[in-house]
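Numbering (this note's numbering), first residue to last: 5 to 330.
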């Protein structure tokens with residue numbers, strides 16, 4: 005760990021998690037169910053699990069899910085992994101980095117992302133603190149894996165049926181000429197829209213909100229807009245998903261604050277379980293729906309239609325939905 009309670013032994017700090025094993029499965033057949041279990045003769049064998057590999061070229065249902073807020077308390081990671089087990093044993097659990105997994109101030113030589121400096125990316129306008137409790141993403145990168153086409157879990161991309169998904173890190177340098185920006189532009193420019201007509205970008209810091217933002221978060225949001233919005237628009241990003249503010253909000257297809265037909269739909273999806281924000285919302289034309297309840301979102305897409313739904317957790321009721329068409 006980099007600093008703080010994350011590298012201090014104790015029940016409310018670091019707890020030895022034991023060994024974590026990784027196996028790479030290759031040459032999996034489409035639409036095929038595989039059965040597996042993990043154990044040893046010495047320690048016992050648990051239940052048999054299964055997963056079904058996705059079709060080679062079919063409509064896909066995609067769920068995007070938030071990650072744990074451990075903040076340096078190791079036991080919370082164990083509890084979180086237990087909570088998601090019923091999902092993660094059956095489908096790939098793809099994650100994206102945020103401030104509560106990464107942000108720190110000292111100990112940068114241990115930073116698995118390779119960011120320069122003692123505390124990573126810390127411009128004067130940035131709203132970066134010590135929100136990881138000193139973890140600097142180490143527990144996360146030990147538990148989850150990603151395609152090797154970017155920088156580990158920090159930025160990468162993958163295809164799911166007709167969707168190309170890109171995850172980037174707003175905790176790292178995203179300014180023009182930065183390593184991440186250059187990678188992002190290259191990935192955006194190489195997307196085969198005949199094969200994957202839908203393009204989704206996910207990150208942690210929000211680009212838009214109609215809620216009242218403190219000054220430091222407003223500065224951060226404006227910088228995200230300044231450096232990334234035009235790039236997204238140039239390469240026709242369909243959907244921009246982000247978090248940070250603990251609520252739900254959806255925009256119209258838009259660019260630079262104005263609703264336009266070929267714009268980007270922005271959706272704030274940060275309402276999975278952490279305490280919700282009590283926001284004051286300003287009336288703006290581009291905000292089409294906002295809500296402060298616990299919930300989750302689902303995406304279904306084929307080559308011509310993308311259906312996005314927001315459900316309340318308490319009853320699974322759909323309270324907001326929209327359709328994008330090609």
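Yeah, the Cβ is synthetic: ideal placement off N, Cα and C, and Gly gets one too.
Flag this pair as yes or no: are the beta carbons of residue i and residue j separated by less than 9 Å?
i           : j           : result
residue 7   : residue 105 : no
residue 51  : residue 37  : no
residue 147 : residue 85  : yes
residue 140 : residue 5   : yes
residue 276 : residue 137 : no
residue 56  : residue 94  : yes
residue 21  : residue 115 : no
residue 274 : residue 236 : no
residue 293 : residue 254 : yes
residue 113 : residue 133 : no
residue 234 : residue 176 : no
residue 227 : residue 127 : yes
residue 212 : residue 258 : yes
residue 19  : residue 79  : yes
residue 149 : residue 173 : no
residue 96  : residue 111 : no
Quick check: the Cα distance between residue i and residue j, rounded to an integer number of angstroms?
i           : j           : result
residue 159 : residue 98  : 12 Å
residue 103 : residue 92  : 23 Å
residue 311 : residue 303 : 6 Å
residue 314 : residue 272 : 11 Å
residue 241 : residue 268 : 6 Å
residue 31  : residue 290 : 45 Å
residue 101 : residue 191 : 18 Å
residue 264 : residue 288 : 15 Å
residue 182 : residue 135 : 23 Å
residue 200 : residue 88  : 28 Å
residue 162 : residue 229 : 24 Å
residue 46  : residue 23  : 15 Å
residue 15  : residue 145 : 22 Å
residue 408 : residue 125 : Outside the displayed range of the chain (5 to 330) lies residue 408, so it cannot be described from this structure.
residue 40  : residue 214 : 47 Å
residue 12  : residue 266 : 51 Å
residue 218 : residue 44  : 52 Å
residue 48  : residue 28  : 22 Å
residue 270 : residue 262 : 12 Å
Helix, strand or coil for residue i per DSSP?
i           : result
residue 325 : strand
residue 8   : helix
residue 274 : coil
residue 292 : strand
residue 241 : coil
residue 262 : strand
residue 232 : helix
residue 222 : helix
residue 104 : helix
residue 302 : strand
residue 313 : strand
residue 178 : coil
residue 212 : coil
residue 187 : helix
residue 163 : strand
residue 47  : coil
residue 99  : coil
residue 251 : coil
I want to check one thing, is the minimum distance from the CB of residue i to the heavy atoms of the ligand NAP below 8 Å?
i           : result
residue 305 : This structure lacks the ligand NAP; in fact it carries no ligand of any kind.
Can you round the beta-carbon distance between residue i and residue j to whole angstroms, since I take them to be within the 8 Å contact cut?
i           : j           : result
residue 305 : residue 165 : 7 Å
residue 35  : residue 59  : 5 Å
residue 197 : residue 131 : Not confirmed; about 34 Å, so no contact.
residue 193 : residue 231 : That pair is no contact at about 17 Å.
residue 329 : residue 301 : About 19 Å separates the two Cβ atoms, so there is no contact after all.
Counting Cβ pairs closer than 8 Å, one from the segment 278-286 and one from the segment 238-255, do we hit at least three?
-> The segment 278-286 vs the segment 238-255: in contact.
Give a yes or no on contact between the segment 152-163 and the segment 185-195, applying the rule of three or more CB pairs nearer than 8 Å.
-> Between the segment 152-163 and the segment 185-195, the count of Cβ pairs shorter than 8 Å is three or higher; the stretches touch.
Meets three-Cβ-pair contact criterion under 8 Å: the segment 165-180 and the segment 198-206 | Touching, yes, given that three or more Cβ pairs across the two stretches are closer than 8 Å.
Can we say the segment 288-301 touches the segment 318-325, given the rule of at least three CB pairs closer than 8 Å?
-> Flag = yes, the segment 288-301 and the segment 318-325 touch.
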